[in-house]
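Novice:
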Amino acid sequence: MKKFFRKLRDKAEAFALNVRTAVENKEAEGYVDSGVKILIAVVIGALLLAGLYALFNSTIMPTVTSKVQGLFNYNGH
125 MKKFFRKLRD KAEAFALNVR TAVENKEAEG YVDSGVKILI AVVIGALLLA
175 GLYALFNSTI MPTVTSKVQG LFNYNGH
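Put into C-alpha coordinates, the structure is as follows:
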(Lines of atoms letter the chains of each structure in order from A and count residues from 1; the text may use other names and numbers.)
(Lines give C-alpha, C1' and ligand atoms only; values in the text may rest on other atoms or scores of the structure.)
Protein backbone atom coordinates (compact mmCIF):
# COMPACT_ATOMS: atom_id res chain seq x y z
CA MET A 1 0.00 0.00 0.00
CA LYS A 2 2.90 2.29 0.79
CA LYS A 3 4.25 1.74 -2.72
CA PHE A 4 0.90 2.74 -4.24
CA PHE A 5 0.82 6.05 -2.36
CA ARG A 6 4.44 6.78 -3.27
CA LYS A 7 3.65 6.26 -6.97
CA LEU A 8 0.54 8.41 -6.64
CA ARG A 9 2.54 11.18 -4.95
CA ASP A 10 5.26 11.01 -7.63
CA LYS A 11 2.68 11.27 -10.41
CA ALA A 12 1.00 14.22 -8.70
CA GLU A 13 4.34 15.99 -8.32
CA ALA A 14 5.18 15.36 -11.98
CA PHE A 15 1.78 16.70 -13.02
CA ALA A 16 2.27 19.81 -10.85
CA LEU A 17 5.69 20.37 -12.41
CA ASN A 18 4.22 20.08 -15.92
CA VAL A 19 1.46 22.55 -15.06
CA ARG A 20 3.93 25.00 -13.52
CA THR A 21 6.17 24.77 -16.60
CA ALA A 22 3.24 25.37 -18.95
CA VAL A 23 2.00 28.37 -16.96
CA GLU A 24 5.44 29.98 -16.73
CA ASN A 25 6.20 29.47 -20.42
CA LYS A 26 6.49 32.92 -22.00
CA GLU A 27 7.45 31.68 -25.47
CA ALA A 28 4.03 30.33 -26.42
CA GLU A 29 2.23 31.90 -29.35
CA GLY A 30 -1.18 33.28 -28.42
CA TYR A 31 -4.39 33.52 -30.36
CA VAL A 32 -4.00 37.27 -30.82
CA ASP A 33 -0.59 36.84 -32.42
CA SER A 34 -1.96 34.28 -34.88
CA GLY A 35 -4.93 36.50 -35.70
CA VAL A 36 -2.70 39.48 -36.39
CA LYS A 37 -0.45 37.38 -38.65
CA ILE A 38 -3.44 36.13 -40.64
CA LEU A 39 -4.84 39.65 -40.94
CA ILE A 40 -1.51 40.99 -42.18
CA ALA A 41 -1.27 38.18 -44.75
CA VAL A 42 -4.78 38.93 -46.05
CA VAL A 43 -4.09 42.67 -46.31
CA ILE A 44 -0.77 42.11 -48.11
CA GLY A 45 -2.46 39.67 -50.50
CA ALA A 46 -5.22 42.18 -51.26
CA LEU A 47 -2.65 44.90 -51.88
CA LEU A 48 -0.72 42.66 -54.26
CA LEU A 49 -3.88 41.75 -56.14
CA ALA A 50 -4.90 45.42 -56.36
CA GLY A 51 -1.42 46.22 -57.66
CA LEU A 52 -1.75 43.58 -60.36
CA TYR A 53 -5.14 44.97 -61.37
CA ALA A 54 -3.68 48.49 -61.57
CA LEU A 55 -0.63 47.28 -63.48
CA PHE A 56 -2.42 45.28 -66.16
CA ASN A 57 -5.72 47.26 -66.28
CA SER A 58 -7.66 44.07 -66.88
CA THR A 59 -9.27 41.20 -65.04
CA ILE A 60 -6.64 38.97 -63.44
CA MET A 61 -8.97 36.21 -62.22
CA PRO A 62 -12.02 36.09 -64.55
CA THR A 63 -13.86 33.31 -62.71
CA VAL A 64 -13.78 35.19 -59.41
CA THR A 65 -14.92 38.38 -61.11
CA SER A 66 -17.86 36.65 -62.78
CA LYS A 67 -18.90 34.93 -59.55
CA VAL A 68 -18.78 38.17 -57.55
CA GLN A 69 -20.81 39.95 -60.22
CA GLY A 70 -23.26 37.06 -60.15
CA LEU A 71 -23.66 37.48 -56.39
CA PHE A 72 -24.48 41.16 -56.78
CA ASN A 73 -26.97 40.44 -59.60
CA TYR A 74 -28.85 37.83 -57.57
CA ASN A 75 -32.63 38.08 -58.07
CA GLY A 76 -33.71 35.52 -55.49
CA HIS A 77 -34.98 32.86 -57.92
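Counting in the numbering used here, the sequence shown runs from 125 upward without gaps.
Note that the Cβ used here is the ideal one computed from N, Cα and C, for glycine as well.
Kindly indicate the opening and closing residues of the alpha helix (DSSP H) around residue 181.
Specialist: For the purposes of this step, residue 181 is taken as residue 57 along the sequence shown, with counting starting at 1. Neither: residue 181 is in no alpha helix (DSSP H) and is coded neither H nor E.
Novice: At the level of alpha carbons, what is the spacing between residue 167 and residue 143?
Specialist: Working through the sequence shown from its first residue, we reach residue 167 at position 43. Working through the sequence shown from its first residue, we reach residue 143 at position 19. If you take the alpha carbons of residue 167 and residue 143, they lie about 38 Å apart.
Novice: Three-state secondary structure (DSSP) at residue 142?
Specialist: Numbered from its first residue, the sequence shown carries residue 142 at position 18. In this structure, residue 142 counts as helix in the three-state DSSP scheme.
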